[in-house]
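In our numbering, the protein residues as written are 5 to 84.
No residue lacks a Cβ here, since even glycine has one placed at the ideal position from N, Cα and C.
Just so you know, these numbers come straight off a predicted model, no measurement behind them.
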């Protein structure tokens, strides 16, 4: 029963992040929603037995977040 509830919750988390990324207009909101998507799909990756992929995703996601934040900041500096 707990497994079914956790599957539903993580699935809802991934779908909510996807919908939020699709309908948000600001860059930072999209960045937050991509983090929510990663948090939602990570348990499914681990449950599938792909721990090496989970480790790679957990290392790559924060690095990409830093690069995206630098790009968003430089765009804001250029427009000001």
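Classification of residue i by the beta-carbon crowding that lies within 10 angstroms, buried from 16 upward
i          : result
residue 70 : exposed
residue 42 : buried
residue 21 : buried
residue 52 : exposed
Minimum Cβ-Cβ distance from residue i to chain C less than 8 Å
i          : result
residue 75 : Chain labels in this structure do not include chain C; a single protein chain is all it has.
Euclidean distance between Cα positions of residue i and residue j
i          : j          : result
residue 75 : residue 32 : 11 Å
residue 44 : residue 78 : 29 Å
residue 61 : residue 8  : 24 Å
residue 34 : residue 28 : 6 Å
Beta-carbon separation (whole angstroms), residue i vs residue j, contact threshold 8 Å
i          : j          : result
residue 46 : residue 37 : Going by Cβ atoms, the distance from residue 46 to residue 37 rounds to 15 Å, so no, they are not a contact pair.
So, does the segment 56-74 touch the segment 7-20, judging by three or more C-beta pairs under 8 Å? No, they do not touch.
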